[in-house]
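Some notes on the structure that comes next.
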Amino acid sequence: MQDSGTPPQGAGPYTRDETGLEHSVQELRHVLAHLYDFAVLRDHDLVQRLAAGRFESPDLSVQYARGELLRGIERLRPPSHVSPLDRQWRPYDALYKRYVMGMPLEEIAAEMSLSIRQVQREQGRGLETLVADLEQAIAGYGDGVEQATSVLVSEIARAHLVGTFDCMQHTLRAAKTAGPLLEAYGITFDNLLGSVSMPVQGDASAFRQMLISTFSHVARALPGVMVVISRDSEDSSACLRLTVEEGERLGSLGELPVEVFALARSQGWRVTEDRSAGVWQTSFALPRAREMTLVALVEDNDDLVALLQRYLSQRGYRLAAIGDTPQAMDEIRGLMPDVIVLDVMMRHVDGWELLQRLGSDAELCRIPRIVCSVLNEPEMAKHLGASAYLRKPIRPLDFLECLEQVARDSHSGRKGVRPLPPPRQ
Numbered sequence: 000m001q002d003s004g005t006p007p008q009g010a011g012p013y014t015r016d017e018t019g020l021e022h023s024v025q026e027l028r029h030v031l032a033h034l035y036d037f038a039v040l041r042d043h044d045l046v047q048r049l050a051a052g053r054f055e056s057p058d059l060s061v062q063y064a065r066g067e068l069l070r071g072i073e074r075l076r077p078p079s080h081v082s083p084l085d086r087q088w089r090p091y092d093a094l095y096k097r098y099v100m101g102m103p104l105e106e107i108a109a110e111m112s113l114s115i116r117q118v119q120r121e122q123g124r125g126l127e128t129l130v131a132d133l134e135q136a137i138a139g140y141g142d143g144v145e146q147a148t149s150v151l152v153s154e155i156a157r158a159h160l161v162g163t164f165d166c167m168q169h170t171l172r173a174a175k176t177a178g179p180l181l182e183a184y185g186i187t188f189d190n191l192l193g194s195v196s197m198p199v200q201g202d203a204s205a206f207r208q209m210l211i212s213t214f215s216h217v218a219r220a221l222p223g224v225m226v227v228i229s230r231d232s233e234d235s236s237a238c239l240r241l242t243v244e245e246g247e248r249l250g251s252l253g254e255l256p257v258e259v260f261a262l263a264r265s266q267g268w269r270v271t272e273d274r275s276a277g278v279w280q281t282s283f284a285l286p287r288a289r290e291m292t293l294v295a296l297v298e299d300n301d302d303l304v305a306l307l308q309r310y311l312s313q314r315g316y317r318l319a320a321i322g323d324t325p326q327a328m329d330e331i332r333g334l335m336p337d338v339i340v341l342d343v344m345m346r347h348v349d350g351w352e353l354l355q356r357l358g359s360d361a362e363l364c365r366i367p368r369i370v371c372s373v374l375n376e377p378e379m380a381k382h383l384g385a386s387a388y389l390r391k392p393i394r395p396l397d398f399l400e401c402l403e404q405v406a407r408d409s410h411s412g413r414k415g416v417r418p419l420p421p422p423r424q
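179 is the number that numbering that gives the first Met the number 0 gives to position 180 of the sequence shown; each next residue is one higher, with no gaps.
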């Protein structure tokens, strides 16, 4: 099914019967196809349902709804332990590339090594999952959150970009910021966080404000208590816990402020509150930041560099383009990347000579090196110390497979060059 230029007729709330699901998918597809078109989104029924009358300004309604849609797509991203080559990535990739990056179907199919029909099927699966997610969002935004001020919610709407920060460091910053208020109420902390950092994804300022609101809530209801701060982890999430043991006094501690849940929801975080046997515990689960593998690319084809940067950035790799420069060796030394990829036929740099120099360098020789060239010289690359050889033209997926194979071989201590297998049919 192609992207629709017109919305389905009679759009209504999401339903789970067959015709309702198909109708909702069509409606969602139309909104995503116009994700950055304010004139279309301003009066769209789905945007109005997502904003739910929280704003007087159409600009803020559109901004909020767009943030909800982007975060919904981001929640389709598989956990960090799932290999980028796993089929679980397909629905996320198909939606992200089409609607966030604006890529045409033909280019998406080429990057994913799928047919256009297969890409459309993966988009359909992703859209159905996203429909269910939005259905819960619309139905689950309770009366308490409805009462959040328009100023707060508009701030949330502007905070939809995902960054990376250290959960431990910003927990301590939040406690320090709230320090004067907490001291006035006699609040003390038992810090069990330890010294190991915990990198997570999200907006750091939203995280600090969420904690400050929680600290303030506890201080006003239970002056003089000790708050135990601890940590835990899951496969794909980091968990921060606040615990108070106060027995019968817990009765004076009401539900967490609505802004705590609103801030968490704005970032796709989970907040759970539990009270049992005189113990109050609140947990904040945040997605772990994915560790980025640094790849240094010595290449004079700017189009290829741009394509690989765009493709790898979504799969745990950071590509540092060095270019065709006589200072390539010095730039590689300054980066100390995890993998080096180099062309051999460039105007200012002889790739073969650079490969030899890298192999002779006491520090850089330990970094795996991949030769990428139109020439058919895998044996030459092997004798000059390359770990793998890619024959141009290359596809991004083949490049990714080669990077993963080189990383596995590097960890296991194996060496040797394997030419790329024939392209898939």
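A virtual CB, placed ideally from N, CA and C, is assigned to each residue, including glycine.
Given the structure is predicted, the values throughout are model-derived calculations rather than measurements.
Around the beta carbon of Cys371, a 10 Å sphere encloses 16 or more other beta carbons of the protein chains shown; the residue is thus reported as buried.
Spatial neighbours of Leu49 in its own chain (CB-CB distance under 6 Å, excluding positions within 5 residues in sequence) are listed in chain order as Ala64, Glu67. Counting only residues of its own chain and dropping the five nearest sequence neighbours on each side, Ala177 has a CB closer than 6 Å to the CB of Ile211, Phe214. If one requires a minimum length of 4 residues, the alpha helix (DSSP H) runs lying completely within the region 193-235 are 203-220, in chain order. The beta carbon of Leu293 sits closer than 7 Å to those of Arg317, Ala319, Leu334, Pro336, Asp337, all from its chain and outside the five residues before and after it, given in chain order. The region 250-268 makes no contact with the region 295-312, as fewer than three CB pairs between them are under 8 Å. For Ala320, the enclosing beta strand (DSSP E) covers residues 316-320.
Met344 and Asp323 do not touch by the CB rule: their CB atoms are close to 10 Å apart, not below 8 Å.
The criterion of a C-beta distance shorter than 7 Å is not satisfied by Glu73 and Ala93. Phe206 sits buried, since 16 or more C-beta atoms from the chains shown fall within 10 Å of its C-beta.
With respect to the 7 Å criterion, Ala237 and Leu285 are classified as neighbours on the basis of their beta carbons. Nearest in C-alpha terms to Ile331, of all of Leu311, Pro367, Asn300, is Pro367. Separation of Pro103 and Arg116 (C-alpha to C-alpha, rounded to the nearest whole angstrom) is 13 Å. Annotated as proximal: Gly71 and Leu129, with beta-carbon spacing under 7 Å.
Annotation: the continuous beta strand (DSSP E) that includes Leu341 extends over 338-341. Membership of Glu272 in the beta strand (DSSP E) is indicated by the continuous run 269-275. Looking only at Gln87, Glu127, Glu134, the smallest Cα-Cα distance to Met111 is reached by Gln87. Following the DSSP letters along the chain, one finds Ile107 inside the alpha helix (DSSP H) bounded by residues 104-111. Per DSSP, Thr324 is not a residue of any alpha helix (DSSP H), being assigned neither H nor E. In the three-state scheme derived from DSSP, where H, G and I count as helix and E and B as strand, Arg394 is classed as coil.
The C-alpha of Arg356 is placed about 14 Å away from the C-alpha of Asp342.
Distance from the CA atom of Gly123 to the CA atom of Ser232, rounded to whole angstroms, is 33 Å.
In terms of Cβ geometry, Met167 and Met209 do not form a close pair [threshold 7 Å]. Take the alpha-carbon of Asp189 and the one of Leu180: they are about 17 Å apart. For Ala387, DSSP records a beta bridge to Ile369.
The three-state reading of DSSP puts Met167 in helix, counting H, G and I together.
Apart from the 5 residues on each side of it in sequence, Ala218 sits with its Cβ closer than 7 Å to the Cβ of Leu180, Leu181, Tyr184, Ile186 in its chain, given in chain order.
About 6 Å separates the CB atoms of Val259 and Val270; that is less than 8 Å, so the two are in contact. Taking all protein chains shown into account, Lys391 has fewer than 16 neighbouring C-beta atoms within 10 Å of its C-beta and is therefore exposed.
If you look at Pro286, you'll find it isn't in any alpha helix (DSSP H); it sits in the beta strand (DSSP E) that goes 278-286. Distances from the CA of Ser194 to each of Arg309, Ser204, His169 were compared; the closest alpha carbon is that of His169. Boundaries of the alpha helix (DSSP H) harbouring Leu357: 350-359, taken from the DSSP string. For Ala131, the closest of Gly250, Leu191, Asp58, Leu20 by C-alpha to C-alpha distance is Leu20. Annotation for Asp301: no beta strand (DSSP E) segment contains it, though the alpha helix (DSSP H) segment containing it runs 301-311.
Here the alpha carbon of Pro78 sits roughly 25 Å from the alpha carbon of Val24. By the Cβ neighbour-count rule, Pro377 is buried, with 16 or more other Cβ atoms within 10 Å of its own.
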